[in-house]
Amino acid sequence: MASQPPSSPRFAYKGDRLKPLRAFCQTARLGSVSRAAEALYLSQPAVTLQLQALERELGVRLLERSGRRITLTREGQELYELARPLVEGLDALDSVFREKIRGLDAGELNVAAGSSTILYLLPRIVEAFRAAHPEVRLTLHNVTGAGGLDLLRSDGVDLAVGSMLDVPADLSYEPVYRFEPMLITPRDHPLALKEDLHLQDLSPYGLILPPQRLTTYRLIDLVFQQNRVPYTVALEVGGWEVIKQYVAMGLGISIVTAICLTEADRERLSARSLAEYFPSRTYGVVVRKGKYLSPQARAFTELIKPALFERGDYYSTGQSER
892 MASQPPSSPR FAYKGDRLKP LRAFCQTARL GSVSRAAEAL YLSQPAVTLQ LQALERELGV
952 RLLERSGRRI TLTREGQELY ELARPLVEGL DALDSVFREK IRGLDAGELN VAAGSSTILY
1012 LLPRIVEAFR AAHPEVRLTL HNVTGAGGLD LLRSDGVDLA VGSMLDVPAD LSYEPVYRFE
1072 PMLITPRDHP LALKEDLHLQ DLSPYGLILP PQRLTTYRLI DLVFQQNRVP YTVALEVGGW
1132 EVIKQYVAMG LGISIVTAIC LTEADRERLS ARSLAEYFPS RTYGVVVRKG KYLSPQARAF
1192 TELIKPALFE RGDYYSTGQS ER
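According to this note's numbering, the sequence shown is numbered sequentially starting from 892.
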């Protein structure tokens, strides 16, 4: 008896693989079948049927309930990482195709960044982008680090530019710039004239620091604690420009990242490296893994660093290798 050729996999729910995968990705992203149904403009039973069909087809459990929220099983996480770029790429096909054929003559770009990044790092990049693509509507969202990550995850922005210490598993961070930690004082301050500078030399002088909720403050506190060196805070205030102004007025000293120092600052302030005690800060580009980068986003990252995400093939909806 002749052997039968292996049959192709049969998908049970209305013969369409994309619908159950789309329902699965939305449920995984939103953590709720009802919210996924709202996002897909479907009834909750329809989404449930699609999820059940997908689990039957693959022969594994993909989702499990944790309290009121639905979470991914180990198998579900693996499928999500594979399916999300495919679903998003297909859903974006029409708009991406239209952008491709009309180039960069229209469209928009949303970038999340903190105040220091917008003020010191992005001006020349924004200037070059606007000169090359004047018809693209560029919006810079001035947000803190956590706010920028929320916008990335909700697709409120195409990418973020800034500094990251810890990179969540669902995001990719490509550092581009590195800046040293610097002690700033008035030019006639005793520490400005001291030949050998040690961390304990800062103890007698009050520090002007950003608010405690920010990473800079917590990092400075950690270094002093680890080295068992006492310190005092003379003033907490937000914004490097304000901190530099108050230091120049003689109200205290500060530890800043070199990104904020300009030639004009060096005429009124003394700046000395503290790289021996404090780590350097990197600044770069953050994207969501599997996120398709639009032509506008690609053009922007090319100005920061050519082929920045080429390894991860972000231009064709692939995942990061990083």
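The beta carbon of each residue, even a glycine, is placed where N, CA and C say it ideally should be.
Note that the structure is a prediction, hence the values are computed from the model and not measured.
Asn1020, enclosing alpha helix (DSSP H) - first and last residue: The sequence given here has Phe at residue 1020, not Asn. From DSSP, the alpha helix (DSSP H) with Phe1020 extends over 1014-1023.
query: What separation, rounded to the nearest whole angstrom, lies between the Cα atoms of Ser1056 and Arg920?
result: Reading off the sequence shown, one finds Leu at residue 1056, where the question assumed Ser. Distance from the CA of Leu1056 to the CA of Arg920, rounded to the nearest whole angstrom, comes to 24 Å.
Cut-off 7 Å between Cβ atoms - residues of its own chain near Ala1019, not counting five sequence neighbours on either side:
Cβ within range, chain order: Leu1194.
Point to revise | Distance, Gln935 Cα to Lys1196 Cα | key: Going by the C-alpha atoms only, they are around 45 Å apart.
Practice task
Check whether the Cβ atoms of Leu1051 and Ala974 sit closer than 8 Å, and answer yes or no.
Solution key: One detail in the question is off: residue 1051 reads as Ala in this sequence, not Leu. 8 Å or more divides the Cβ of Ala1051 from the Cβ of Ala974.
inquiry  = Check for me: the beta strand (DSSP E) holding Ala1003 runs from which residue to which?
reply    = Run containing Ala1003: 999-1004, per the beta strand (DSSP E) assignment.
>> The beta strand (DSSP E) that contains Val1052, what's its start and end?
In response: Looking at the DSSP string, the run of the beta strand (DSSP E) that includes Val1052 is 1050-1053.
(message) With H, G and I counted as helix, E and B as strand and the rest as coil, what does DSSP make of Tyr1011?
(response) In this structure, Tyr1011 counts as helix in the three-state DSSP scheme.
Which of the three DSSP states is assigned to Tyr1206 in this structure? Only weak support is given to the placement of Tyr1206: the predicted model assigns it a pLDDT of 39, under 50, and the question is left unresolved by the model.
**Item:** Cβ-Cβ distance between Val1124 and Leu1090 below 8 Å
**Value:** The answer is no: Cβ separation not under 8 Å.
Under 8 Å: do the stretch 1084-1103 and the stretch 1141-1153 share three or more Cβ pairs, one atom per stretch? Enough Cβ pairs lie closer than 8 Å, so yes.
- Which residues bound the alpha helix (DSSP H) around Leu1062? Here Leu1062 belongs to no alpha helix (DSSP H); instead the beta strand (DSSP E) covers 1062-1070.
**Study point:** Cβ-based neighbour list, Glu1065, same chain, cut-off 6 Å, excluding 5 preceding and 5 following
**Key:** Taking Glu1065 as the centre and dropping the five residues before and after it, the same chain places the C-beta of Gly1175, Val1176, Leu1199 closer than 6 Å to its C-beta, in chain order.
Check: From Gln1117 to Glu1071, what does the alpha carbon distance come to, in whole angstroms?
Finding: Whole-angstrom Cα-Cα distance: 19 Å.
Cβ-based burial, Gly967 [other Cβ within 10 Å; buried from 16]: Here Gly967 is buried, its C-beta having at least 16 other C-beta atoms within 10 Å.
Could you round the C-beta distance between Val1178 and Leu1088 to whole angstroms and report it? I think they count as a contact, below 8 Å.
Not a contact, Cβ separation roughly 39 Å.
(Q) Less than 8 Å between the beta carbons of Gly998 and Val1017, yes or no? (A) Contact flag unset, no.
Notebook entry, point to check: For Tyr932, which option in Ala914, Pro976, Glu946 has the closest C-alpha, if you only look at C-alpha atoms?
Noted result: Out of Ala914, Pro976, Glu946, the CA that lies nearest to the CA of Tyr932 is found in Ala914.
* May I have the straight-line CA-CA distance separating Trp1131 from Ala1083, to the nearest angstrom? => Straight-line Cα distance between these residues: approximately 19 Å.
Note to self: Short of 6 Å in beta carbon distance, which residues of its chain neighbour Tyr1137, apart from the five on each side in sequence? Order them along the chain.
What the structure shows: In its chain, beyond the 5 residues on either side, Ile1099 have a beta carbon closer than 6 Å to the beta carbon of Tyr1137.
Self-check item: Cα-Cα separation between Glu979 and Arg1159, rounded to whole angstroms
Solution: Roughly 52 Å between the two C-alpha positions.
Considering Cα atoms alone, identify which of Thr939, Leu1031, Ile1134, Pro911 is closest to Arg1014. Here residue 1014 turns out to be Pro, not Arg, going by the sequence shown. If we check each option's Cα against that of Pro1014, Leu1031 comes out closest.
Out of curiosity, what's the CA-to-CA distance linking Pro1170 and Asp1156?
Roughly 22 Å between the two C-alpha positions.
request  = Can you say whether Lys1085 is buried or exposed, counting buried as having 16 or more other CB atoms within 10 angstroms of its CB?
outcome  = Lys1085 is exposed by the Cβ-count criterion.
Which of the three DSSP states, helix, strand or coil, is assigned to Ala944? In this structure, DSSP gives Ala944 a helical state, which the three-state scheme calls helix.
Between which residues of its own chain and Leu909 is the CB-CB distance below 6 Å, once the five residues before and five after are set aside? Nothing meets the Cβ criterion.
Are Leu942 and Pro911 closer than 8 Å when you measure CB to CB?
-> Yes. Within cutoff.
### Message
According to DSSP, is Thr964 part of a helix, a strand, or is it coil?
### Response
Coil at Thr964, not helix or strand.
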